[in-house]
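*Asks:*
Residue numbers (the working numbering): 333 to 462.
#1: For my contact list, residue 383 and residue 424 are in at a C-beta cut-off of 8 Å; report their separation, rounded to the angstrom.
#2: Drop a sphere of 10 angstroms on the beta-carbon of residue 385, count the other beta-carbons inside from all chains shown, and report buried for 16 or more, exposed for fewer.
#3: Does the segment 390-397 come close enough to the segment 370-379 to have 3 or more Cβ pairs within less than 8 Å?
#4: Could you tell me the distance, in whole angstroms, from the CA atom of residue 352 to the CA atom of residue 366?
#5: Counting only the same chain and skipping the five closest in sequence on each side, list residues whose C-beta sits under 6 Å from that of residue 358.
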């Protein structure tokens, strides 16, 4: 079984691209707070997300830096040869479902914000579905 469930905030605006065969995909990074902090401050994991087709268009249209999103998908690992000849490995989540958890008003405010760092909102353990 390969299933990933994440809730976090986008670290920057999503990037929409198209494959050579004309299929749209969208990439973004989700900052997911760690459950426990060792230093007294809550750390985060930064997870690469890829979304395909119509859902990619919707993510690009409605999500912005700082938006809160819930992701259900699967973990994928791939490799490619870089321009310098080295082999690079990428691990990312291929999203099957994306839930927009920020209100439209907060998305507009976050897109107008000049801050350079994504604000992480704490997640209450009681609200998690698992």
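Virtual Cβ for every residue (Gly too), placed ideally from N, Cα, C.
Model, not experiment: these values are computed from the prediction.
*Replies:* Quick look at the numbers:
#1: Not really, about 11 Å apart at Cβ, beyond 8 Å.
#2: exposed
#3: no
#4: 37 Å
#5: 346, 348, 383, 388, 391, 392
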